[in-house]
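Chemist: Read left to right, the sequence shown gives residues -16 to -1, 1 to 413 (mature numbering (1 follows the signal peptide of the UniProt record, and there is no 0)). Handing you this structure, nothing more for now.
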Amino acid sequence: MLNIVLILHLLTFASSLIWASTILNTTYVSPTFQQSRSNIDQDSLASIHALLASPSFPSGWLGQNALATVAQWDFDHKTRTFYDAFNSNETYYADHPGGCYEYWHSPLVDCFNDDAGWAALTSLEGYAAYGDEDYLQNAKSVHDFVSNHGFINETVIEEGYLKGTHFPNNTLVSTCDGKSMYGGVYWQNGFPSEHDQPGAFEAASQPNIDSGSTAVYALLSAKLCQITSNMWYCNRSYDALQFMDRFMIDLSSGFINGPINGKNCSREYHFVVLQTTGNYIAAYTLLSNLTSNATALTIARKTLTSSLTTNIWNTNQGVLLHTSNTSTKVVGIQSVLIRRLHFVYPFMDADVQDAIRQYVNIQYWSLVNYDSDNATKPLLYGSSWDGPKYTAATGRTQFEAIDVLNALALNPDSAFPNDNSMDVPVISL
């Protein structure tokens, strides 16, 4: 009997190694759940309630990312548990985004086009989860605004400055390195100097065409194309992505790097951007489905699988590093990559789906055991997913962890034991 058990164990171990080597690095761990799905779901619900009650609940675009995680929980679980909290926050934010809203009076719009884009994506999460038409209209409104106050179209190139602003001195070259600037999105939307906000830059002196703004616009466009069946949105998404392909692919890694100066083609920053890479993957994946474009899916799959295995932001065990631990080579919100992996999962082949599930489970294992307040009943999560130990949670660290908790939904029921015991670690090696 012992020999049979040993043989079965060895076969299981060997098959897991064979599977893991197809995409994930062979050094990555393979954790298993020790508690039932219902226990883990209850822990996750408590963590979301803790986020919403936190005095450090983030503001601005980070707050919008936090609310996106809240709506996604309800969407995945087909509930309306957090509708009231989401709706009250989004209704208020629509008219109080800060910054330049007092000038533009456009829902969800402040001085930065990427902020507006993040808010619009959150509105679409709310629309998917709750069906409230106001969320969809706000997202459309943001898209219209950025299309006229940030997107580089033919008119902007012909006129030589950003259309929709009051800064003709913010000149734009039509090409950099012989390649057209068409399709990029400016970081800022050109607010008048008398409305300058503390810590913000007048658009006349901030000519950056931003990878973050461009990628958010690309994903927002693709999602609106999916919802409305209006191919104009899909075309805008392709325009933005192709601009990124021309100017914003880091040659050494294949990921998305920082902005380009629209006046002189200079590059101030030399890093890759984690959340922007995630948005790039998601936009290309969705477009591949909407337009039956195999090339788009190939681009998305290649970037996705590289993101799972790169040592730029993954440890030897497969844990996604908090970017403050790594150096200036990479910046951004690590959980957005998880959120986008969650989003693209249905569009990927079985091998990639297996890799995404395993990768998510690795993050959960490390979070629970090295960066939570309790390994058997975790509630609060810290900032360094790889530990070495939990320090303190903030609103931002909590919502980043919740992206991982949400993505656990990708696991089949068979991945969890039926036992409801709660006196063991939630997940272990």
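Cβ coordinates follow ideal geometry from the N, Cα and C atoms, glycine included.
Would you say H61 and D116 are within 9 Å of each other, going by their C-beta atoms?
Modeler: Result no, Cβ atoms of H61 and D116 do not sit closer than 9 Å.
Chemist: Rounded to whole angstroms, how far is the Cβ of Y329 from the Cβ of L394, which I believe are closer than 8 Å?
Modeler: Rounded, the Cβ-Cβ distance is 6 Å, consistent with contact.
Chemist: Determine contact between the segment 95 to 109 and the segment 200 to 208, defined as no fewer than three beta-carbon pairs at a distance below 8 Å.
Modeler: Touching, per the Cβ criterion.
Chemist: The alpha helix (DSSP H) spanning K62 covers which residue range?
Modeler: No alpha helix (DSSP H) contains K62, which DSSP labels as neither H nor E.
Chemist: Going along the chain, which residues of its own chain have a beta-carbon closer than 6 Å to the beta-carbon of S356, five neighbours each way excluded?
Modeler: Correct list, in chain order: P362, Y365, Y374.
Chemist: Would you mind working out which of F239, Q347, D27, P372 sits nearest H254, comparing C-alpha positions?
Modeler: Measuring from the Cα of H254, the nearest candidate turns out to be F239.
Chemist: So, is W297 buried or exposed, given that buried needs 16 or more other C-beta atoms within 10 angstroms?
Modeler: So W297 counts as buried.
Chemist: Buried or exposed: M332, going by 16 or more other Cβ atoms within 10 Å of its Cβ?
Modeler: M332 is buried by the Cβ-count criterion.
Chemist: Out of S319, S107, R220, S20, which has the shortest C-alpha to C-alpha gap to S368?
Modeler: The candidate whose alpha carbon is nearest that of S368 is S319.
Chemist: Determine whether the beta carbon atoms of D194 and V169 lie at a separation below 9 Å.
Modeler: Yes, the Cβ-Cβ distance between D194 and V169 is below 9 Å.
Chemist: DSSP on G183, reduced to helix/strand/coil?
Modeler: Note that G183 scores 43 on pLDDT, short of 50, meaning its location in the model is unreliable; the coordinates nonetheless yield the value given after this. Reduced to three states, the DSSP call for G183 is coil.
Chemist: Under three-state DSSP, which class holds C218?
Modeler: Looking at C218 - three-state DSSP - the assignment turns out to be helix.
Chemist: Run through DSSP, which three-state label would S5 get?
Modeler: Confidence in S5 is poor, its pLDDT being 41 and thus under 50, which makes the residue's placement unreliable; the coordinate value appears in the next sentence. Note: S5 maps to coil in three-state DSSP.
Chemist: How would you call D223, buried or exposed, if buried means at least 16 neighbouring beta carbons within 10 angstroms?
Modeler: Classification for D223: buried.
Chemist: Over what stretch of residues does the alpha helix (DSSP H) that includes R380 continue unbroken?
Modeler: Per DSSP, R380 belongs to the alpha helix (DSSP H) from 379 to 391.
Chemist: Taking only three categories from DSSP, how would you classify C95?
Modeler: The answer is coil: DSSP assigns C95 none of H, G, I, E or B.
Chemist: Looking at the secondary structure, which residues open and close the alpha helix (DSSP H) in which K286 lies?
Modeler: Residues 278 to 293.
Chemist: Does the beta-carbon of R64 have 16 or more other beta-carbons within 10 angstroms, so that it is buried, or is it exposed?
Modeler: The residue is exposed, with fewer than 16 neighbouring Cβ atoms inside 10 Å.
Chemist: So, under 8 Å CB-CB, L305 and T299 are touching, yes? Tell me the CB distance rounded to an integer number of Å.
Modeler: Yes, L305 and T299 are in contact; Cβ-Cβ is about 6 Å, under 8 Å.
Chemist: Report, in whole angstroms, the separation of the C-beta atoms of Y77 and L92, which I expect to be a contact under 8 Å.
Modeler: Right, their Cβ atoms sit about 7 Å apart.
Chemist: If you compare alpha carbons, which of H89, V126, T6, S250 is closest to L156?
Modeler: Minimum Cα distance to L156 is reached at S250.
Chemist: Bridge partners for I193 per DSSP, in chain order?
Modeler: Y170, I244.
Chemist: In whole angstroms, give me the CA-to-CA distance for S43 and D79.
Modeler: Rounded to the nearest angstrom, the two C-alpha atoms are 14 Å apart.
Chemist: What is the DSSP secondary structure of V320, reduced to helix, strand or coil?
Modeler: Residue state, collapsed to three classes: helix.
Chemist: Output the distance between the C-alpha atoms of N245 and I265, rounded to the nearest integer angstrom.
Modeler: Their Cα atoms are separated by approximately 24 Å.
Chemist: Measure the CB-CB distance between Y166 and F70 and report whether it falls below 9 Å.
Modeler: For Y166 and F70, no; Cβs fall outside 9 Å.
Chemist: Leaving out five residues on either side along the sequence, give the residues of the same chain with a beta carbon under 8 Å from the beta carbon of D407.
Modeler: The answer, listed in chain order, is T360.
Chemist: Can you check DSSP and say which residues form a bridge with F135?
Modeler: DSSP output for F135 lists V169 as bridge partner(s).
Chemist: Indicate the three-state DSSP secondary structure (helix, strand or coil) for L305 in the structure shown.
Modeler: DSSP places L305 in coil when its eight states are reduced to three.
Chemist: Shortest alpha-carbon distance to C218 belongs to which of T294, Y268, T53, L36?
Modeler: Per the Cα distances, Y268.
Chemist: So which of S398, W88, R324, F383 has the shortest CA-CA distance to R285?
Modeler: Closest by alpha carbon: R324.
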